[in-house]
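Numbering (the working numbering), first residue to last: 94 to 379.
Below is one structure, written out as structure tokens, with a few remarks after it.
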Ligand SMILES: [Zn+2]
Ligand SMILES: [Zn+2]
């Protein structure tokens, strides 16, 4: 199994010269279990993934939504393979949604906010809402999920393929008085944990003249490492970088993470992790 990162930024795209090395696109990751394709979230990075997939038509894939905040759905209308007949996708989502995932996604594509409706999609797309205790089966993989602490809800996903496992936990806050046991259980003995490391400790707790970000639904690298250690995870990926964090500040957070947990890496656009490899690929900052 491998994972490739197409969008690693949180909250809003951040395409500035100072963020160009890590990348400014919002959440989208591609996962391959041999020939099987799984995509998590359709932030602005989803557009570039779509362009790459145009070289391997027809495309068949499974798309999972952690949740439907803007930074996780904004690339959805710009995915060229959706417009091509012969492609097939199954879409899963459903955390605390007041309406089915299909309706949420089609509503964002309606005038006056967007001119193109989903009925122009030529590919076959099926939509399914999933509950936390459900299991999504694939040809050679199994997906389980757990709810996270986040405004309007969010799911973490675990993908198991043969003896390899990956947990993707974006957009999750931590609470000292109620550790997310569901996430620790979901991450048990996983090869890789991708975790919402949006804030520094100073930012989160409002230290050093900062205002507090408590209750905003995001976490820190140190809190992610607590989950990784409690769950005996092998490798840790810092993800959902704050739009105000430039390349240098992300490099600094990654260096701190490596002192605490050597197999850590900050996600960047284009990073590819092969789960059959013992070591992580080189960091941007090595
Ligand atoms: Zn987000
Ligand atoms: Zn969110």
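Beta carbons are placed, not taken as given, at the ideal position from N, Cα and C, and that holds for glycine.
Query	Result
Separation of residue 219 from residue 209, as counted between CA atoms	19 Å
beta-carbon residue 264 near ligand 2 non-hydrogen atom, thresh 6 Å	yes
Residue 177 in three-state terms, based on DSSP	coil
Range covered by the alpha helix (DSSP H) that runs through residue 220	Not the alpha helix (DSSP H): residue 220 falls in the beta strand (DSSP E), residues 217-222.
Three-state class that DSSP yields for residue 148 in the structure shown	helix
Residue 162 CB to nearest heavy atom of ligand 2 below 6 Å	yes
Helix, strand or coil at residue 250 according to DSSP, with G and I counted as helix	strand
Residue 169, DSSP secondary structure in three states	helix
N-terminal and C-terminal residue of the alpha helix (DSSP H) that residue 357 is part of	Careful: residue 357 lies outside any alpha helix (DSSP H), inside the beta strand (DSSP E) at 357-359.
Residue 371, buried or exposed, once every other Cβ within 10 Å from all chains shown has been counted against 16	exposed
Residue of 224, 160, 291 and 330 minimising C-alpha distance to residue 365	330
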